[in-house]
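Colleague: Counting from 1, position 15 in the sequence shown corresponds to residue 15 in full-length UniProt numbering; the numbering is continuous, with no gaps.
Dumping the structure here so I can ask a few things about it.
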Amino acid sequence: MVRQPLTPEQIEAGRRLGALLRHARAGRDLEEVAHAAGISPETLRKIETGRLPSPGFGTIVCLGEALNVPIQELAAIWRGNDLPLEAVS
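Now the structure itself:
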């Protein structure tokens, strides 16, 4: 199966999601959060910087749990729903 290229909207959604995760991680060590979510630090780094704009659902669920961010909030930011700007900066 050939994977279709991501649309500009999907890429932007990944950037918003990455910004929210970076904000939620705040002062916590990247490696600590990655380990708690069961992913590699490099994967978390790529998600946070938008270089991996379409991570797997399970990865996002585990990151939400590790960072104590409800999946509904992660989904809303990915969809671009109105959330406070400080949540994505």
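Where a beta carbon is used, it is the ideal one built from N, C-alpha and C, also for glycine.
Quick one: measure Cβ to Cβ for Thr59 and Ile39, integer angstroms, because I've assumed they're closer than 8 Å.
Modeller: Counting from one through the sequence shown, the residue named residue 59 turns up at place 59. Counting from one through the sequence shown, the residue named residue 39 turns up at place 39. About 6 Å separates the two Cβ atoms, so the contact holds.
Colleague: Ignore the nearest five residues each way along the sequence and tell me which others in Gln10's own chain have a CB closer than 7 Å to its CB.
Modeller: For the purposes of this step, residue 10 is taken as the residue at position 10 of the sequence shown. Here the set comprises Pro53, Ser54.
Colleague: Do Thr49 and Gly80 have their C-beta atoms closer together than 7 Å?
Modeller: Working through the sequence shown from its first residue, we reach residue 49 at position 49. Working through the sequence shown from its first residue, we reach residue 80 at position 80. No, Cβ-Cβ distance for Thr49 and Gly80 is not below 7 Å.
Colleague: Confirm, please, whether the CB-CB distance from Ala24 to Ala66 is below 7 Å.
Modeller: Reading the sequence shown from its first residue, position 66 is the one you call residue 66. Reading the sequence shown from its first residue, position 24 is the one you call residue 24. No, the pair does not count as a contact, with Cβ atoms beyond the cut-off.
Colleague: What separation, rounded to the nearest whole angstrom, lies between the Cα atoms of Glu73 and Leu6?
Modeller: The residue labelled residue 73 in the question sits at position 73 within the sequence shown. The residue labelled residue 6 in the question sits at position 6 within the sequence shown. Cα to Cα, Glu73 sits roughly 22 Å from Leu6.
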